[in-house]
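K.L.:
Mind looking over this structure? Questions follow.
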Amino acid sequence: MLRAISGLMRLSWRQDRRKMTVALALMAGNAVAVPLAAVALRHLTNAAAAGRAEPAAWSGLAVAVAAIAALTCAHFAHIGYFEVSELNVLTTDEQLIEISNGTPYLDHHERPDSADRMALAQDELQRIGEGLQALLTGGSLAVSLLLTTVLLTLVHPALVALPLLAALPVLAARRAQAAADRAREDSIVDTRQARHLFELTTDAASAKELRLLGLVEHLQQRYAEHWQRATARIWRGELAAGWWRAAGQGVFGLGYVAALVLVVRDATRGHADVGDVVLAILLASQLNQQVAAAVTITQQLVRSGRSLRRLDEVRDLVPQPVGPPDAPGTPLRPPERLLEGIRLRGVTFGYPGADGPVLRDVDLLLPAGSTVAIVGENGAGKTTLVKLLNRFYEPDRGTILIDGVDLRHFDLPAWRERTTAAFQDYARPELTARLAVGIGDLPRATDDDAVRTGLARAHSSVVDRLPHGLDTRLGRSHADGGVDASGGQWQQLALGRAMMRDAPLLMVLDEPASALDAAAEHRLFARFTDGAARVAADSGGVTVFVSHRLSTVRSADLIIVIGDGGVREMGTHDELIRLDGIYATLYATQATAYR
């Protein structure tokens, strides 16, 4: 709780000190006004009972002023801290984005435990906005509670026990929230599966296939099963939480009734006046309301504190780059031009949580200026090899050398600036067509000539078919509407994006046309050989083309066959055919299938 309060105050104070100062002052005024209104009402009651008109009038005015102050202070404080609350949400969302993308690696995106924590953080950070209101309201309640305690003690010393009993519902609320939180965490896997099924069954891209295969009812049933399991766990947690809250409120309720009986008894014996009875009833009622509010505020503060902890949990799961022991103090800049090429020496790698390595003791050279095709069956490790070349993962053993220098010795952002890629799961940024291509080389993202050059290198005329050319807005997220580009159009934009950089040392085309038929993919590869020649001439760069279709890549300078965790065969197309091994067998099988 204290950590949540401290974290929220630091976060909010950094947003806007002036608004926070004003809000704190106004909430303090609200805290004082509420119990003072009860005191003024006591004097009004006694004056009215004694028939004293002038004191009664002044007391009535004091009641009105205190009531108005309580209402207006809270209202204007809300205006101040509401904006700060919104800024808190924005800041924590930005922090999550920075944490998620603050590492060059992909581990936290692809590990199930990290995905679960990320999903929890995304959900719960939306509640951070309620934290500041809870904090300020809680502070105001604490001041009111202190004043209420003093006033109750003045009415009767025994009434000091009533505020002490008020701590029980607050403690019970914390136990209740803990039970609810455990249930939510236990249900996260089913919740995530249910959300995936919801998105799948409401996504336009999958609508045709779901209807054609008659899968809608089946997926709806699975969606319902996951939600029912999640809901059952959450319901059990909320039931336990309800019992905790009821127990705390029940004990306080008994104390509340006892306090009223005590004051009324004193009044009937002449030890207290009618104003004391009214004051005690009002203060006890206020205390009851304050306790109920404190329970809610406690839950909100616990949730807000947990939201801040989620950021730390995700931060701890995100791996940071670690250089080799012999790394230079200052990271190196990549060479302007490759002379030898890219060499893998004894590289072994396995995904976190996997049963074994995907690649094992891989030794190979990708010569400078060459076009290299990496082929193999699905799941053989082709894309994994590409991820290692781009340093999305570090090898478990072995090294990757760039012209004889360990890749980890180079400044990673600088290395990424000298690479480019088109992946089979390419991004679909809903921007203008100009930016959707131009962000492939961010400094030139708005340079029309550079964008058109990138598209020309990809042999794409997609922009010419868009209604507003490069100014066409893509996707449906724009307020004034946008073009819902087809899968093929998005693919061409992604390929143009990959061609934006002029002199990459590494260009990767990871099955960017996997949705095409073999003949179309072959034509695409033939066009990209022009781009590979440009890369080779400009920087001695290596072009890597990943495919599971062997007929597509026969003109590559070097073909590498990946399988069983390593390099099975390597050579030109003609050399591998003469070898009459795995490649030759697979090539003949695929060729027969397309006859």
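Residue numbers (the working numbering): 902 to 1496.
Backbone N, C-alpha and C fix where the C-beta goes; we use that ideal spot for every residue, glycine too.
(1) What's the call for residue 1158, buried or exposed, on a 16-neighbour Cβ count within 10 Å?
(2) Rounded to whole angstroms, what's the CA-CA distance from residue 1070 to residue 1192? Just pull it up for me.
(3) How about residue 1302 and residue 1243: are their beta carbons less than 9 Å apart?
(4) Using only CA atoms, which one of 965, 1457, 906, 1491 lies nearest to residue 1273?
(5) Residue 1442 to residue 1205, Cα distance in whole Å?
(6) Which residue from 1398, 1046, 1388, 1377 puts its Cα closest to that of residue 1349?
(7) Give me the residue from 1276, 1309, 1304 with the minimum Cα distance to residue 870.
(8) Would you list, in sequence order, the uninterrupted beta strand (DSSP E) runs of no fewer than 3 residues that lie entirely inside the region 1287–1314?
(9) Hey, how far is the Cα of residue 1472 from the Cα of residue 996?
(10) Relative to the alpha-carbon of residue 1306, which residue among 1138, 1319, 1241, 1260 has its alpha-carbon at the smallest distance?
(11) Specify, as a first and last residue, the run of the alpha helix (DSSP H) that residue 955 falls within.
(12) Which of helix, strand or coil does DSSP assign to residue 1262?
(13) DSSP has residue 1246 in a bridge; who is on the other side?
(14) State the Cα-Cα distance for the pair residue 918 and residue 1182, rounded to the nearest angstrom.
(15) Pick out whichever of 1089, 1068, 1142, 1121 has its Cα sitting closest to the Cα of residue 1101.
(16) Quick one, are the C-beta atoms of residue 1313 and residue 1405 less than 9 Å apart?
(17) Cutting at 6 Å between CB atoms, please list the residues of its own chain near residue 1498, excluding the five before and the five after it.
(18) Looking at C-alpha atoms only, which residue of 1259, 1287, 1026, 1075 is the closest neighbour of residue 1209?
(19) Roughly how many whole angstroms lie between the Cα atoms of residue 1094 and residue 1125?
(20) Does DSSP classify residue 1400 as helix, strand or coil?
(21) Looking at the structure shown, is residue 1410 part of a helix, part of a strand, or coil, going by DSSP?
(22) Please state the DSSP three-state secondary structure of residue 943.
(23) Throw me the rounded Cβ distance for the residue 1447 and residue 1411 pair, which I believe falls under 8 Å.
(24) Anyone know if the C-beta pair for residue 939 and residue 1180 falls short of 9 Å?
(25) Checking the sheet assignment: what are the DSSP bridge partners for residue 1446?
(26) Can you tell me the Cα-Cα spacing of residue 1156 and residue 1049, whole angstroms?
(27) Nearest to residue 1393 by alpha carbon, out of 1459, 1325, 1368?
(28) For residue 1409 versus residue 1287, is the C-beta distance shorter than 9 Å?
(29) Got a sec? Which residues, its chain only, sit under 7 Å from residue 1035 by beta carbon, not counting five neighbours each side?
(30) So, are the CB atoms of residue 882 and residue 1185 less than 9 Å apart?
(31) Tell me the DSSP secondary structure of residue 1323 in three-state form.
(32) Tell me whether the beta-carbon of residue 1503 lies closer than 9 Å to the beta-carbon of residue 1487.
(33) Can you grab the Cα-Cα spacing for the pair residue 1461 / residue 1108, in whole Å?
(34) Nearest-angstrom Cα distance between residue 1439 and residue 1355?
(35) What whole-angstrom Cβ distance do residue 1077 and residue 1145 have, given they're in contact under 8 Å?
(36) What do you get for residue 907, buried or exposed, if any count of 16 or more other CB atoms within 10 angstroms of its CB means buried?
P.N.:
Taking the definition as stated:
(1) Exposed.
(2) Note on geometry: alpha-carbon atoms of residue 1070 and residue 1192 lie some 7 Å from one another.
(3) In contact: residue 1302 and residue 1243 (Cβ atoms closer than 9 Å).
(4) With distances taken between CA atoms, residue 1273 lies nearest to 1457 out of 965, 1457, 906, 1491.
(5) Spanning the alpha carbons of residue 1442 and residue 1205 requires a straight line of approximately 50 Å.
(6) With distances taken between CA atoms, residue 1349 lies nearest to 1398 out of 1398, 1046, 1388, 1377.
(7) Limits of the chain in this structure are 902 at one end and 1496 at the other, which puts residue 870 out of reach.
(8) Runs found: 1298–1303.
(9) If I take the Cα positions, the gap works out to 48 Å.
(10) In terms of CA proximity to residue 1306, 1241 leads the group 1138, 1319, 1241, 1260.
(11) Here the alpha helix (DSSP H) through residue 955 covers 954–1002.
(12) Here residue 1262 sits in strand by DSSP.
(13) Per DSSP, 1300.
(14) Near 39 Å, if we compare the C-alpha coordinates of residue 1182 and residue 918.
(15) Cα-wise, what sits closest to residue 1101 is 1121.
(16) Going by C-beta atoms, residue 1313 is not nearer than 9 Å to residue 1405.
(17) As shown, the chain starts at 902 and ends at 1496. That puts residue 1498 outside it, with no answer to give.
(18) Of 1259, 1287, 1026, 1075, the smallest CA-CA separation from residue 1209 is found for 1026.
(19) Rounded to whole angstroms, the gap between the alpha carbons of residue 1094 and residue 1125 is 10 Å.
(20) In the structure shown, residue 1400 sits in coil (DSSP, three-state: anything other than H, G, I, E or B).
(21) The answer is strand: DSSP assigns residue 1410 an E or B state.
(22) Helix at residue 943.
(23) With 8 Å as the limit, residue 1447 and residue 1411 qualify as a contact, their Cβ atoms being about 4 Å apart.
(24) The Cβ atoms of residue 939 and residue 1180 lie closer than 9 Å to each other.
(25) BP columns for residue 1446 point to 1274, 1410.
(26) Each residue's CA atom was taken as its position, placing residue 1156 and residue 1049 some 15 Å apart.
(27) Selected option, being the one with the closest Cα: 1325.
(28) Yes, they are a contact pair.
(29) The answer, listed in chain order, is 1198, 1201, 1202, 1205.
(30) Nothing can be reported for residue 882: it is not among the residues displayed for the chain, which extend from 902 to 1496.
(31) Note: residue 1323 maps to strand in three-state DSSP.
(32) Residue 1503 is absent from the model: the chain starts at 902 and stops at 1496.
(33) Rounded to whole angstroms, the gap between the alpha carbons of residue 1461 and residue 1108 is 38 Å.
(34) Approximately 15 Å between the Cα atoms of the pair.
(35) That belief holds up - the Cβ atoms of residue 1077 and residue 1145 are roughly 4 Å apart, short of 8 Å.
(36) Taking all protein chains shown into account, residue 907 has fewer than 16 neighbouring C-beta atoms within 10 Å of its C-beta and is therefore exposed.
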